[in-house]
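Beneath this line is the structure, given in structure tokens, with notes to follow.
Here it is, written out as structure tokens:
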């Protein structure tokens, strides 16, 4: 009977308009009808990612798109730099190793971003880096990285810059062309409010040159094929038609609210959540917090208790810690289709849980902090 | 106003029950709720693919699953045999070349299957083949191949047997374990009546041994990770949650009708379609026809005219020829959620179109042929 309320940083809530679109009868993909839908989707993505570059659709999770990016812009034995600050940014290293690259790493404590200075130092100490693989927001810690500065440093040294923006597209300010980002990777189940299974990558002219000259090291993820099909509004393989139709509707909704308003809403919700968490006497993990998720540290070992209680009692589904943060944090997702009143639900549920398990005594402080943020007090 | 009626061999019609399931609120995948759904799906797939082997889910099109199969059971430089008889079976060669394999090929005219004798000859002339990559039904020609005999020959020579069964799962008799098929590849948008974007592979103990010993040549498609996650009802990457939920409902529907009845329905619809096509004086392409699609040859160059007319006048969407068969054939799909009355629609539409464009004069012969098949006359 009790409804489930999703507050995870992906998958995120899928609006009814999107689900209704996906519930319609399926159409065939080798038709002008489908091609028009796909072109609308890729054009909206380009607009929201602020780029003139082509945006290629892939039937895969975000990880597949990361691999596609890496496999197509590198050659075996080349030196690349990875900025690692959590589970997902470290994934670039794992993929690079499978592709036989020499990996230089600029690491940060899980909870901090990798500073532009650290990137600069790593590049100076390791001349000949051909590409930098970085992450706009690290979902495992809720940390935002200054990819604009990282990109500037990479470009000054002639390296390509490849950005995992999976949890920031339509949630943070992201200027693909202005910042000179060569490849930007996104996926459907985050800020763009669609179920998982669809990913996308933008490709700059410089990256395209690398892609076109690449020896073929992948078949399904061969971006030459995707680029050739793109001009025709096509994909080389059968696309996830229903998800593409759903994403089209989601992007239309974002356009209606206005991208800048959507990003501002994300920022406000994230700030409000952080103020509330601190008002409840809890500790924030991220020194440079992102809009997608707020990681809360539980030094008392209560993280999993809180997470379980929130779901069992209130149907509120939040995320736990991953890898080395397992059992040490919870992650409150406020990404995508998430509004002020949803944050009320989330914070009231959290506060009520803390009361139930005896971590705090008084109540109302979390919600009070939200009011302060939302009413600009 | 005019409704579109889908008669393509993939994507196929998605039943409302499946679409309704996918229209439900999304759930998180790292939960017991999701794991139970995924286990139900993989158990049903195992039952319908007649295997005790694990069936791994992949967020990709069928081509991605073919690459996953090939990348994981081969090593660079190894010799493999491909049976090529059309666009999709020839794809095995293209993938094998990307992975640096030595490819031996047993080819057939597009419209014929590769005979077991040809496979035997190729294997005898090329000792040391480690794996045979074959295709149960070739969608570009509508040809069914005797994979049972091919598998027997491969196994006798110690080669692994990998089968693309993308258009035959739940549409043709397929005995994975009885026939000794090591890897069987399927995808969602064919006989199992779900939108595209979800693929699956079964892995025999012998194939698993190869997978586990493989140097890692892919990351997203690393089946070691998928096998490790499988035991927990998990996937290594975010799965296409909505599609998995949809597939669960589709498999439930197949279970309700009964797999044997579903396959018999496919066979009857395919036979009826062929009888009708011949009664209309048209030529069939396939010497050994499959249940998924009926390819009709138009030597007069009318293939694309017929296809366009069927859609423009009747909203009936069929497929054309691909690659070397482009413009020479049409393909009538009768795969998945397709019943007697749908075949009435398809054949009446075809007959009416042939009248309109002046290819035939009398009418009713196609439908009469259907009645003969359906009434066992």
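Protein chains in written order, with my numbering: chain A, 11 to 387; chain B, 11 to 387.
Yeah, the Cβ is synthetic: ideal placement off N, Cα and C, and Gly gets one too.
Values in this document were obtained by computation on a predicted structure and should not be read as measured data.
Contacts of residue 327 of chain A in chain B (Cβ-Cβ under 9 Å) | 37, 38, 41
At a Cβ threshold of 7 Å, is residue 70 of chain A touching chain B?
-> yes
Could you tell me the distance, in whole angstroms, from the CA atom of residue 325 of chain A to the CA atom of residue 116 of chain A?
-> 39 Å
Compare the C-beta of residue 303 of chain B with all C-beta atoms of chain A and state if any pair is closer than 7 Å.
-> no
Chain A within 7 Å of residue 207 of chain B, Cβ atoms only | yes
Identify whether residue 120 of chain B lies in helix, strand or coil by the three-state DSSP scheme.
-> strand
Considering only residues of the stretch 135-179 of chain A, which uninterrupted alpha helix (DSSP H) runs meet the minimum length of 4 residues and lie entirely inside it, listed in chain order?
-> 157-166
Chain B beta carbons: is any one of them nearer than 7 Å to that of residue 264 of chain A?
-> no
In DSSP terms, what residue 15 of chain B is bridged to | B:326
DSSP three-state call for residue 343 of chain A: helix, strand or coil?
-> strand
May I ask you to list, following chain order, the residues of the stretch 87-106 of chain A that have a beta carbon less than 8 Å from some beta carbon of chain B?
-> 104, 105
For residue 61 of chain B versus residue 156 of chain B, is the C-beta distance shorter than 7 Å?
-> no
Neighbour flag for residue 74 of chain B against chain A, beta carbons, 7 Å | yes
How big is the Cα-Cα spacing for residue 458 of chain A and residue 153 of chain A?
-> The first residue shown for chain A is 11 and the last is 387, placing residue 458 of chain A beyond what the model contains.
If you count every other CB in all the chains shown that lies within 10 Å of the CB of residue 103 of chain A, and 16 or more means buried, which is it?
-> buried
Nearest-angstrom Cα distance between residue 204 of chain A and residue 230 of chain B?
-> 21 Å
Is the Cβ of residue 253 of chain B closer than 7 Å to any Cβ of chain A?
-> yes
Mind checking residue 127 of chain B: buried by the 16 CB within 10 Å criterion, or exposed?
-> exposed
Which runs of the alpha helix (DSSP H) spanning at least 4 residues fall entirely within the stretch 283-329 of chain B, listed in chain order?
-> 313-324
Candidates A:217, A:352, A:107, A:378: closest to residue 63 of chain A by CA position | A:217
Whose Cβ in chain A lies nearer than 7 Å to the Cβ of residue 186 of chain B?
-> The premise fails here: residue 186 of chain B is roughly 23 Å from chain A at the closest Cβ pair, so nothing lies under 7 Å.
Within the 7 Å Cβ cut-off, does residue 52 of chain B reach chain A?
-> no
Thinking just about the alpha-carbon of each residue, which of A:175, A:160, A:174 is nearest to the one in residue 168 of chain A?
-> A:160
Contact list for residue 123 of chain B against chain A, beta-carbon separation under 8 Å = Correct list: empty, because the minimum Cβ distance to chain A is about 23 Å.
Please compile the residues from chain B whose C-beta is within a distance smaller than 9 Å of the C-beta of residue 248 of chain A.
-> 20, 21, 71, 72, 73, 197, 199, 206, 207
Assign residue 349 of chain B to one of two classes, buried (16 or more other C-beta atoms within 10 Å of its C-beta) or exposed (fewer than that).
-> exposed
Alpha carbon to alpha carbon, how far is residue 357 of chain B from residue 377 of chain B? Give it in angstroms, no decimals.
-> 7 Å
Measuring only between beta-carbons, confirm whether residue 229 of chain A sits less than 7 Å from chain D.
-> Within the model displayed, chain D is absent; protein chains A and B are what it includes.
Between the Cα of residue 207 of chain B and the Cα atoms of A:248, A:383, A:274, A:113, which residue gives the shortest distance?
-> A:248
Quick one: what does DSSP say residue 112 of chain B is sitting in, helix, strand or coil?
-> strand
Are residue 380 of chain A and residue 286 of chain A touching if we call contact CB-CB under 7 Å?
-> yes
Could I get the ranges of all uninterrupted beta strand (DSSP E) runs contained in the stretch 11-75 of chain B, with 3 residues as the minimum, in chain order?
-> 65-68
Between residue 346 of chain B and residue 182 of chain B, what straight-line distance do the alpha-carbon atoms span, to the nearest angstrom?
-> 11 Å
From B:35, B:26, B:316, B:190, pick the residue whose C-alpha is nearest to that of residue 259 of chain B; which is it?
-> B:26
Could you give the C-beta distance for residue 84 of chain B and residue 111 of chain B, rounded to a whole number, given that I count them as a contact under 8 Å?
-> 6 Å
For residue 16 of chain B, go through chain A and note every residue whose CB falls closer than 8 Å to its CB, in chain order.
-> 35, 36, 37, 38
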